[in-house]
Amino acid sequence: MTTSRYHEVYAAWRADPERFWGTAAREIVWETPWEKVFDPDAGLYGRWFVGATCNTCYNCLDRHVHGGRASQAALIYDSPVTGAKKRFTYAELTDEVATLAAVMRRMGVEKGDRVIIYMPMVPEAAMAMLACARLGAIHSVVFGGFAAPELAKRIDDAGPKLILSASCGIEPNRVVAYKPLLDAAIAMATNKPQACLVLQRETLTCSLDEGRDRDWAEAIADARAAGEKADCVPVAATDPLYILYTSGTTGKPKGVVRDNGGHMVALKWSMSAIYGLEPGEVFWTASDVGWVVGHSYIVYGPLLHGCTTVLYEGKPVGTPDAGAFWRVISEHGVKAFFTAPTAFRAIKKEDPRAELLKEYDTSGLRTLFLAGERADPDTVKWAETILGVPVVDHWWQTETAWAIAANPVGLGLLPVKHGSPSVPMPGYDVQVLDEAGHAVEPGKMGSICIRLPLPPACAPTLWNDEARYLASYLRDFPGYYRTGDAGHRDEDGYVFIMSRTDDIINVAGHRLSTGGMEEVLASHPDVAECAVVGVADAMKGQVPAGFVVLKSGVTRDVEEIEKELVALVRERIGPVAAFRLAITVDRLPKTRSGKILRGTIRSLADGQETAVPPTIDDPAILDEISTALRAKGLARSV
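Residue numbers (the numbering used here): 41 to 678.
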């Protein structure tokens, strides 16, 4: 193993953070230079590259066209669900984005306006993001197929002038009509968009609202006929590039804000230092542009670095089989691959001996990266064995945009410790704190926090809600950002992430609020009270289980009510919640003060040794919960 430069590089950052990031920023083209690399008096804890102006789309596309990469592939679209494949060179992608930006400008979009993108995994989704960046508009991508009420919340919060959408999304066994969901969401929303631009897909077309909607293909054709293309609009480095909504504990989504300048600097640095890629190489991230991983490492990171990025419309299994990933890696010459542990658990379940891998040449693959949820050691070891390449678990959040902790391939790999995403990256002073805010000794569990200031690219605030940012992240541990994760560090400084400290659960890499699901269950007319907890699942990491107490006098069939509850969550939140387990109980375990003991319920469901909490009001309820769990095939006794 080569000697890692990690400790040297981390020490250089710690010794002089401004010099470190100022040097990294030389990799970005700036319209005007910054007045300060870091201004501690700006924002809530300081801002990066204050005074500079730039354009993210220019750095992703135009600079590479001017710099000799015009004919290199920028984006490869691979869609096993439709059979479509297409390659766009940097010149072609720049032309497509500039034309789409001209269409959006004609529809009234200007610098600072918000645009919601509600689309499937098609090239136009990435083009839409880049077109917004080109105009200086702020995009907010909402996962395609999200339920109408959830989309409506995001429309109301962002206040978009324009919504970009498509007629449908395509799953392995079904077609999801997007337009009815979009129409319903707009009807629910108070802030109505001025217009919608809709991509018609051959699999399922849709009707368009004559006064509001515009056909995507027709609008592009009109702009081309008129020779219209939009130039890049300079924005402040501290101006927002996008808003990305993540689940909040109140059920109201949190609009994480990403700036332009710091985001480019950190992602560009990460592509070589963490992922070990050179410009011109192929990077594939099997995620969705609706999630932060898709933003950072399908669209922005690879293009900033001059790589070729793969946009995949398919699944790890079922499109058509558990060899789907190996085909893409082989066919497109993927050098580094990034996905969630869930995907590998699905492949392992379908093809435990990796027989399908033998059909493809994946010898060009150098590294597999996992993130989005805790990578269990068994899955990591299986992947290492079948692929014969380093498997790098790394940990980050929607709020940070890039890895807090990783094993930096480009700096030289450190020894792997299974179960750990390795060590903090430059910019992150990671501490494990007790409830009083004191650092704990190695090996002891605590709240994982990051000493302020956060590095470039991390969210400086929440959209229209600075008070909530302070309350969510900065209030509990003054001088620190609270990640909401619990874990420990060992004697070598390796980080171990063990659980969440709030009620956000991680379902196949998707962070979902149990509080939001409880609101849905509580809206059912027969439900008196409820609690949703995340229970361990071998495939998805966690799945939600809802425990409901029915109102007195309800005589309807319990199984029928439980089916209605499952359907209700699917309707209000969407299939992504993976909510399939509603369990009717006579009462919920509570403290004497009335607080529901969700942690105790979770422990019972997971089959863990469960001590009777000293604050419990009636210990006998735990046996009743255990009986209900066993009836559902789940569990155990106290």
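Glycine included, every Cβ here is placed at the ideal spot set by N, Cα and C.
The model shown is predicted, which means the values in this text are computed figures rather than measured ones.
Please name the residue or residues paired with residue 298 in a DSSP beta bridge. 282
Note the first and the last residue of the continuous beta strand (DSSP E) segment covering residue 408. 407-410
Just to confirm before moving on: does the CB-CB distance between residue 62 and residue 501 stay below 9 Å? no
In three-state terms, what does DSSP make of residue 533? coil
Quick check on the burial criterion: 16 or more other C-beta atoms within 10 angstroms. Buried or exposed for residue 176? buried
Candidates 512, 79, 55, of which the one nearest residue 90 by Cα: 79
Other residues of its chain near residue 320: CB distance less than 8 Å, five sequence neighbours each side excluded: 109, 112, 346, 347, 348
Which of helix, strand or coil does DSSP assign to residue 59? helix
How many angstroms separate the CA atom of residue 350 from the CA atom of residue 183? 18 Å
CB contact flag (residue 618, residue 547, <9 Å): yes
Determine the direct distance from the alpha carbon of residue 584 to that of residue 575, and round the result to whole angstroms. 6 Å
Chain-order list of residues whose beta-carbon lies under 7 Å from that of residue 360 (same chain, five-residue window excluded): 120
Would residue 343 and residue 170 qualify as a contact pair, given that the criterion is a beta-carbon distance under 9 Å? yes
Please return the same chain residues whose Cβ sits closer than 6 Å to the Cβ of residue 503, not counting the five positions on each side in sequence. 283, 295, 297
8 Å CB neighbourhood of residue 760 in its chain, flanking five on each side removed: Lying outside 41 to 678, the shown extent of the chain, residue 760 is not represented and no answer is given.
Taking the C-alpha atoms as reference points, what is the distance between residue 157 and residue 246? 17 Å
For the candidate residues 580, 337, 604, whose alpha-carbon lies nearest to that of residue 588? 604
Is DSSP giving residue 482 helix, strand or coil here? coil
When the Cα atoms are used, what is the spatial distance from residue 102 to residue 116? 18 Å
Spatially closest choice to residue 732 from 286, 368, 314, 299, by CA coordinates: Residue coverage of the chain in this structure runs from 41 to 678, which leaves residue 732 outside it and unanswerable.
From 234, 264, 244, residue whose alpha carbon lies closest to that of residue 250: 234
By the 10 Å Cβ neighbour count, where 16 or more other Cβ atoms means buried, how is residue 652 classified, buried or exposed? exposed
Roughly how many angstroms separate the alpha carbons of residue 403 and residue 670, rounded to a whole number? 47 Å
Put residue 99 into one of helix, strand or coil per three-state DSSP. helix
Cutoff 7 Å; reference residue 165; Cβ partners in own chain excluding five residues on either side: 157, 159, 329
May I ask you to list the residues that DSSP assigns as paired with residue 433? 410
First and last residue of the uninterrupted beta strand (DSSP E) at residue 130: Careful: residue 130 lies outside any beta strand (DSSP E), inside the alpha helix (DSSP H) at 130-146.
4 or more residues per run - each alpha helix (DSSP H) lying fully within the segment 166-245: 188-198, 218-228
C-alpha distance - residue 641 paired with residue 629, whole-angstrom precision: 8 Å
Between which two residues does the beta strand (DSSP E) carrying residue 352 extend? 348-352
Which of helix, strand or coil DSSP assigns to residue 89: strand
Any idea what DSSP makes of residue 154, helix, strand or coil? strand
Between which two residues does the beta strand (DSSP E) containing residue 368 stretch? Where residue 368 is concerned, there is no enclosing beta strand (DSSP E), although the alpha helix (DSSP H) it sits in stretches over 364-372.
Between which two residues does the alpha helix (DSSP H) holding residue 256 run? 256-265
What does DSSP give as the partner residues of residue 488 in its beta bridges? 472
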